[in-house]
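Numbering (our numbering), first residue to last: 12 to 219. One structure is given below, encoded as structure tokens.
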Amino acid sequence: MPYLRSDSACGYQASIVDNAFEKLVQDLSAALGPSSGLDSEDVDPLDIQRLMEEYVSDETEWNVYAMADPSRNYTRNLVDEGNGKSNLLILVWSPGRESAIHDHANAHCVMKILKGSLKETLFSWPEEGQAPNAPLQITRETVYGENQVTYMSDKLGLHKISNMDPNNFAISLHREFHLDPPIFFPHTEWDCCSLYTPQRRKLRLLNI
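The following block contains the structure:
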């Protein structure tokens with residue numbers, strides 16, 4: 012997925028740790044090593060989740076990455092490219108806006124709420140034999156507050172993320188595995204994952 016690049020985005024040096032957030036970035040990169048992604052057998056997503064849970068959000072430590080754009084549902088801001096197999100991103104969710112229903116293209120994602128709250132709605136995968144316009148079935152709805160962490164992969168189904176607050180932005184931190192080489196479509200919110208309508212219609216954005 013495409014992202015906005017902050018002037019502060021970089022690969023972190025072991026000697027440059029000014030605060031707890033920068034230490035988290037460094038620890039997440041170390042957990043993946045020089046070549047692993049979150050789908051690798053030698054990486055346990057629970058280890059990534061634990062590292063994120065240990066960090067207590069401090070807006071002064073990460074606000075340089077949190078670039079908002081009220082004209083979009085959300086922005087994706089690069090924090091660290093890691094080893095090239097995964098990105099660490101801060102997403103800024105506009106008030107009252109949400110993502111499309113989507114899969115994760117055989118990837119994994121760990122998400123931590125840095126500010127505000129976000130609702131995750133999980134859907135089961137469309138089943139063969141169902142009526143073409145049968146709605147996707149909601150399997151779970153969960154609201155995550157500041158400092159809570161969750162994990163998502165295609166094994167859990169489809170999902171969408173919503174900022175239910177009509178007045179305030181919400182901020183989340185994501186460690187996402189991406190394809191190698193990554194495929195980016197500039198100026199869009201999506202690249203190589205599939206999108207779904209509530210009526211089970213599958214969409215795939217290839218270019219805009």
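Backbone N, C-alpha and C define an ideal beta-carbon position, used for all residues, glycine too. Note that this is a predicted model, so its numbers are computed, not measured.
Asked	Found
What span of residues does the alpha helix (DSSP H) with Glu-64 cover, start to end?	56-65
Does the segment 151-167 touch the segment 99-108, meaning 3 or more C-beta pairs lie closer than 8 Å?	no
Less than 8 Å between the CB atoms is what I'm expecting for Ser-68 and Glu-157, so what's the real figure, rounded?	6 Å
Assuming Ala-77 and Ile-101 form a contact by the criterion Cβ under 8 Å, report the distance between their Cβ atoms to the nearest whole angstrom.	5 Å
Using the three-state DSSP reduction, which class does Val-28 fall into: helix, strand or coil?	coil
For a test of the three-state rule: what should DSSP assign to Leu-216, helix, strand or coil?	In this prediction, Leu-216 has a pLDDT of 45, which is less than 50 and means its spatial position is unreliable; nothing more can be read from the coordinates.
Can you give me the start and stop residues for the beta strand (DSSP E) that Trp-104 sits inside?	97-104
According to the neighbour-count rule (16 or more other Cβ atoms, all chains shown, within 10 Å of its Cβ), is Asp-91 buried or exposed?	buried
Hey, Leu-125 and Leu-184: beta-carbon distance below 8 Å or not?	yes
Starting from Glu-70, follow the alpha helix (DSSP H) in both directions and report where the run begins and ends.	70-73
Give me the Cβ distance between Leu-257 and Ala-79, rounded to the nearest whole Å; I'm assuming they're in contact under 8 Å.	This structure cannot speak to residue 257, because the chain is shown only from 12 to 219.
Using 8 Å for Cβ pairs, my map puts Ala-118 next to Glu-187. What's the rounded Cβ distance?	7 Å
Please report the straight-line C-alpha distance between Asn-30 and Gly-127, rounded to a whole angstrom.	21 Å
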